Amino acid sequence: MRLFILLALLFCAGPSVCLAQEPQAVVDRFYPQQLAASRPDAPHTCFMVLRLTSINEPDALAAAYTNGPAVVLRLLTRVAPDTYVVSYEMTSSLRAAGTGCTFTGPDLDGDGQPDVKLEVASGTVSNALGFKWTGDMLVPRSLPAGQAGTGASVAKPTLPNPYRLVPGWPTLPASMKGPNGTKWGEVIRVHVAPNGNIWVFHRCFNDKPAGDATCLNRGDANPPILEFTPAGQLVRSFGVGLFSHPHGFTVDEDGNLWTTDTNDQGAPGQTVLKISPEGKVLMTLGKPGIGGNGTDVFDRPTGVAIGANGDIFVSDGHSRNKSNNARIVKFTKEGRFIKAWGHLGGEPGNFQEPHDLDVGGSRGYVYVADRQNNRVQVFDQDGTFIAAWKQFGQPSSVYVDKNDNIYVGATYESVAPGQTALRPTAGPNDRAIVIGNAITGELKYLIPDPGDLSKMTDTGTSASGIAVDDQGNIYAADVGFNNLRKYARTR
364 MRLFILLALL FCAGPSVCLA QEPQAVVDRF YPQQLAASRP DAPHTCFMVL RLTSINEPDA
424 LAAAYTNGPA VVLRLLTRVA PDTYVVSYEM TSSLRAAGTG CTFTGPDLDG DGQPDVKLEV
484 ASGTVSNALG FKWTGDMLVP RSLPAGQAGT GASVAKPTLP NPYRLVPGWP TLPASMKGPN
544 GTKWGEVIRV HVAPNGNIWV FHRCFNDKPA GDATCLNRGD ANPPILEFTP AGQLVRSFGV
604 GLFSHPHGFT VDEDGNLWTT DTNDQGAPGQ TVLKISPEGK VLMTLGKPGI GGNGTDVFDR
664 PTGVAIGANG DIFVSDGHSR NKSNNARIVK FTKEGRFIKA WGHLGGEPGN FQEPHDLDVG
724 GSRGYVYVAD RQNNRVQVFD QDGTFIAAWK QFGQPSSVYV DKNDNIYVGA TYESVAPGQT
784 ALRPTAGPND RAIVIGNAIT GELKYLIPDP GDLSKMTDTG TSASGIAVDD QGNIYAADVG
844 FNNLRKYART R
């Protein structure tokens, strides 16, 4: 009972509201935010994801609880109907050097022991009376208080590169070519189908305007969807007239294609399409040419991914959208709205330009390239926050294979919070495909971008889309370099 009393004091506007409900709680994740040594007297801020049930008035969580002058517990955001991200701040009068983030609750029942003690740095919860931590993804941070989830880009890591570029892949017919005699225009996404063929989603062999090339009025000679064999031979092409600004793309287990269009200047645009391998539109999510933040509209949807059961996940809110969307929207396989999570912001579970997403790996997690927050965020399929990884730099694309490898198209250029890397690189090559462990976030390999980055035309990384086949070959779609790359494993 003393756990319930404590929760009532922590999260209820009035004890009479919540004590009768006896709310149950599970603390799912803790995120210590260590302070720089230069600021030993600054407040010590930590984050935990708290799941509550049987709460009569969840909005009462906004009330702050103060344990004397030392602890302040605040609601940061609601990431699911029963899940909240909470921060708690401890002043130096409470914090002992080296103890990490520890929250000690009061002794309400007079037994001489604190009712709740959360020891975060060691990954333990003691005397918690029903709290549970499934802490397989403890994520330490190195940010001043108040900057959770944003912060400057991390340094580019030094990692091996066991891949080689396959020259000349794929082969295009003479009738298809980019501007000024180049092979391609802007290539935005690539994906491998269940039969092993490679599908490409591109901007109709166009490169204008740079970084935002359009498919409008490009004609039958410039289809936006192409299918290739693994050897690089063109199988089929279609999609003329369906898109203005191609962006998100995936292929489901039945071989159907899923696309997004981020154009917000009328139709076509603002939609997610399901298309058969023969080019027939099977489903439309959103309203063509209409933006918004409701359950049946998007505002510049950036990516789409399909769960093993057919559920549809859409990352919604390319930067500079009128609705300020920054969310993940989930639908049934039939297209019925289930839920949405996330808002514009830097806290865990929120986003600033969710630029791509993938559902994959052994756990079926949802991985989001939270680009302007300079991190990859990880969720379960109900939207419960799992982790936030900054070691992948500023991500523009993300893909997870069946072996729990994560591939991220990233830049390691120093970028302020809430901004995208906007300029070409004049110095060292700071853009790359980074490969790591999709469960722990540990980095493994790094493939540097091969081109002259001082001549890049687009923002962010040139690997704007990544896919991997069953043989381990990597395919990278390049917006900035107007190219499509294939890498083979050398060792």
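Under the numbering used here, the residues of the sequence shown are numbered 364 to 854, in order. Beta carbons are placed, not taken as given, at the ideal position from N, Cα and C, and that holds for glycine. Bear in mind that the values here come from a model prediction, so they are computed numbers and not experimental data.
For Thr634, the enclosing beta strand (DSSP E) begins and ends at 634 to 638. For Phe748, the uninterrupted beta strand (DSSP E) run begins and ends at 748 to 752, by DSSP. Here Val763 has Asp721, Gly723, Gly724, Tyr730, Ile769, Ala801 as same chain residues with Cβ atoms under 7 Å from its own Cβ, once five neighbours each way along the sequence are excluded. Around the beta carbon of Asp662, 16 or more other beta carbons lie within 10 angstroms, which makes this residue buried.
In the displayed model, Gln735 falls within a helix according to three-state DSSP. Here the alpha carbons of Val517 and Lys643 stand approximately 44 Å from one another. Judged by their CB atoms, Ala732 and Val739 are nearer to each other than the 8 Å cut-off. Around the beta carbon of Lys765, fewer than 16 other beta carbons sit within 10 angstroms, so the residue counts as exposed. Rounded to the nearest angstrom, the gap between the Cα atoms of Phe564 and Arg552 is 5 Å.
Annotated three-state conformation of Gly582 is coil, per DSSP. Between Ser759 and Ser827, the CB-CB gap stays under 8 Å.
Asp793 counts as buried, since at least 16 other C-beta atoms from the protein chains shown sit within 10 angstroms of its C-beta.
The straight-line gap separating the alpha-carbon atoms of Asn524 and Ala773 is approximately 15 Å.
Cβ contact annotation for Pro640 (same chain, cutoff 6 Å, sequence separation greater than five): Gly618, in chain order. Rounded to whole angstroms, the Cβ separation of Pro651 and Gly632 is 7 Å, and the two are in contact under 8 Å.
Residue environment analysis places Leu589 among the buried positions, since at least 16 neighbouring C-beta atoms fall within 10 angstroms of its C-beta.
With a cutoff of 8 Å on beta-carbon distance, Thr577 and Ser607 are scored as near each other. Spanning the alpha carbons of Arg734 and Val614 requires a straight line of approximately 23 Å. The DSSP-derived three-state label of Asn688 is coil. By the neighbour-count definition (other C-beta atoms within 10 Å, threshold 16), Glu805 is an exposed residue. The beta strand (DSSP E) runs of length 3 or more contained entirely in the segment 686 to 724 are, from start to end of the chain, 690 to 694, 700 to 704, 717 to 723. Each residue's CA atom was taken as its position, placing Gly705 and Phe694 some 15 Å apart.
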